[in-house]
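For the sequence shown, the residue numbers in UniProt numbering are 1 to 190. No residue lacks a Cβ here, since even glycine has one placed at the ideal position from N, Cα and C.
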Amino acid sequence: MSSEIEFENAIKKMLEHVGEDITREGLIDTPKRVRKAYEFMCSGYKQDPKEIIEKALFTSTNDEMVVVKDIEFYSQCEHHMLPIIGKAHVAYIPNGKVIGLSKIPRVVDIFARRLQIQEQLTEQICDALNEHLKPKGVAVMIDARHMCMEMRGVEKICSTTVTSALRGLFKSNKTTKDEFLSIVAQSLHK
C-alpha cells in the first residue's frame, strides 16, 4: 500500500473516531484533500535553506543593518498539530555579501512549514542565515498566535508569544540590538 493511501486511510479513521460518516458527500474527498494540504504545510522538510541562501548572495559594500519586517507565516505546533500564525522580523548586517530580499521570507517558510515550537523556529531561521550568509550579525524576532492556546486548553484568545534569537553584533553590541528592537517594536502586536 502506498504511503498516500495509508495517510488517507488514517484520516478516514480519524473522521470515524470523532463520529463522522465518511460516506457523506462533503467528506468523500476529504482524506485526499487533507493529505495534499499536509504535503504543502510540511513541505519545509524537503527544502534546504543553504540552497536558497547561497544562490542569492551578491557582493556589496553595504555594512548597515538590513531589516525585513512583518513576514507573515503559518506553521503547526508539534504538540497538537494546530496552527501557529505569526509574523517574523529578520535583520542582518552584511559582511561583504547581501542576500536577495525575497530569500529571507523563503527561509522563514522553509522552517515554518515543519511541525514546530516557536522557540525552535526562531533559532532555526537565525542559525541558517548566520551559517550560510556569514553576516556580522543576525536577529530574528517572531510574534505569533498559537491555536493550541486559543482553540483548546486555556482558551486565551488573541494572546501572542514573542521570541527572539540574536547572533554576532546583535548579541554583543547593545546599540545594534537596541536599533533592531526600535525598528521592530512598531510592528509588534499589530
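Starting from residue i, follow the alpha helix (DSSP H) in both directions and report where the run begins and ends.
{"i": "glutamate 6", "result": "3-17"}
{"i": "valine 34", "result": "30-41"}
{"i": "arginine 152", "result": "Per DSSP, arginine 152 belongs to no alpha helix (DSSP H) and is neither H nor E."}
Considering only the alpha carbon of each residue, which of the options lies closest to residue i?
{"i": "cysteine 158", "options": "Leu166, Ile85, Gln116", "result": "Ile85"}
{"i": "glutamine 47", "options": "Gly26, Arg114, Lys32", "result": "Arg114"}
{"i": "lysine 36", "options": "Gln116, Ile11, Asp178", "result": "Ile11"}
{"i": "arginine 145", "options": "Met65, Lys87, Glu54", "result": "Lys87"}
{"i": "isoleucine 183", "options": "Gly168, Glu119, Met65", "result": "Met65"}
{"i": "arginine 33", "options": "Asp21, Ile5, Met149, Glu123", "result": "Ile5"}
{"i": "serine 187", "options": "His89, Met149, Ser102, Phe170", "result": "His89"}
{"i": "histidine 80", "options": "Arg167, Thr160, Arg152", "result": "Arg152"}
{"i": "glutamate 171", "options": "Leu121, Phe40, Lys136, Thr122", "result": "Reading off the sequence shown, one finds lysine at residue 171, where the question assumed glutamate. The candidate whose alpha carbon is nearest that of lysine 171 is Lys136."}
{"i": "serine 43", "options": "His17, Asp109, Glu150, Arg167", "result": "Asp109"}
{"i": "glutamate 72", "options": "Asp21, Ser102, Ser3", "result": "Ser102"}
Pull up the distance between the alpha-carbon of residue i and that of residue j, whole angstroms please.
{"i": "asparagine 173", "j": "alanine 56", "result": "27 Å"}
{"i": "methionine 147", "j": "methionine 1", "result": "34 Å"}
{"i": "glutamate 78", "j": "valine 107", "result": "19 Å"}
{"i": "threonine 176", "j": "alanine 91", "result": "11 Å"}
{"i": "glycine 19", "j": "cysteine 126", "result": "43 Å"}
{"i": "proline 83", "j": "asparagine 130", "result": "27 Å"}
{"i": "lysine 156", "j": "isoleucine 142", "result": "19 Å"}
I believe residue i touches residue j by the beta-carbon criterion, under 8 Å. Please report the beta-carbon distance rounded to the nearest angstrom.
{"i": "valine 68", "j": "isoleucine 104", "result": "5 Å"}
{"i": "phenylalanine 180", "j": "alanine 139", "result": "5 Å"}
{"i": "alanine 165", "j": "threonine 122", "result": "5 Å"}
Starting from residue i, trace the beta strand (DSSP E) both ways and give me its first and last residue.
{"i": "valine 90", "result": "83-93"}
{"i": "leucine 27", "result": "Neither: leucine 27 is in no beta strand (DSSP E) and is coded neither H nor E."}
{"i": "glutamate 72", "result": "66-77"}
- Within the chosen definition, does the region 88-108 reach the region 50-61 through at least 3 CB pairs nearer than 8 Å? yes
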